[in-house]
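Structure, as structure tokens:
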Amino acid sequence: MLFEGDITTLIPQRQPMVMVDSIVEYSEKQVISSFTLVEGNLFIQNNQFLESGLIEHMAQSVALHTGYFYFLKNETPPTGYIGTVQSLDIFHLPKLHSSLRTTVDIVEEFMGVTLVEISVKVDNLLIAKGKMKTVIAK
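Each residue of the sequence shown is one higher than the one before, counting from 3 in the working numbering.
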């Protein structure tokens, strides 16, 4: 685990909406996050993580990249928003107690808009992938 502090210092979400546990790897162009699905999660229904929770997890993984970048500079992370979700494919819905491992590749950043490609795996099985644009609030 790369960051051992309170993960909510890196993202704007607060419980019960936190959908990331840790940063596994970080570089200027990539972040790998993890998240374990536990009982009581708002997006778990019939022991499965819903599509909306998976999308929120993907967006928060992007936010982790930005938040950790600002953390390294000793600055407060800005709030961001999902601008668009493109070509989203969900192949499987993960079950309760699964651990998600999500890779976010930064494709392009320009004036507060970031285009990313995201893939989510459980036990090396690709369960979702897509592209997303996020926007930093001014």
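Just so it is clear, CB atoms sit at the ideal spot from N, CA and C, and this is done for glycine as well.
In this structure, how does DSSP classify F37 when only helix, strand and coil are distinguished? If you number the sequence shown from 1, residue 37 lands on position 35. Strand.
Within 10 Å of its beta-carbon, does Y83 have 16 or more other beta-carbons around it, so buried, or fewer, so exposed? On the sequence shown, residue 83 is found 81 positions in, with the first residue counted as 1. With fewer than 16 other Cβ atoms within 10 Å, it is exposed.
Since I believe M134 is in contact with T86 (beta carbons under 8 Å), could you give me their beta-carbon distance rounded to a whole number of angstroms? In the sequence shown, the residue the question calls residue 86 occupies position 84. In the sequence shown, the residue the question calls residue 134 occupies position 132. Rounded, the Cβ-Cβ distance is 7 Å, consistent with contact.
Taking buried to mean at least 16 other C-beta atoms within 10 Å of its own C-beta, is I92 buried or exposed? If you number the sequence shown from 1, residue 92 lands on position 90. It is exposed - the Cβ of I92 has fewer than 16 other Cβ atoms within 10 Å.
Take the Cβ of L66 as the centre, count every other Cβ of all protein chains shown within 10 Å, and call the residue buried at 16 or more, exposed below. Locating residue 66 in the sequence shown gives position 64, counting from the first residue. L66 should be labelled buried.
Which residue or residues does DSSP assign as beta-bridge partners of Q50? As a working mapping, residue 50 is identified with position 48 in the sequence shown. Paired residue(s): Q47 and K97.
Taking the straight line between their C-alpha atoms, what separation do you get for Q47 and N126? As a working mapping, residue 47 is identified with position 45 in the sequence shown. As a working mapping, residue 126 is identified with position 124 in the sequence shown. When rounded, the distance between both Cα atoms is 23 Å.
Would T100 and V124 qualify as a contact pair, given that the criterion is a beta-carbon distance under 8 Å? Here residue 100 corresponds to residue number 98 of the sequence shown, with the count starting at 1. Here residue 124 corresponds to residue number 122 of the sequence shown, with the count starting at 1. The sequence shown places Ser at residue 100, rather than the Thr named in the question. Yes.
Does DSSP put L117 in a helix, in a strand, or in coil? Position 115 of the sequence shown holds residue 117. In the structure shown, L117 sits in a strand (DSSP, three-state: E or B).
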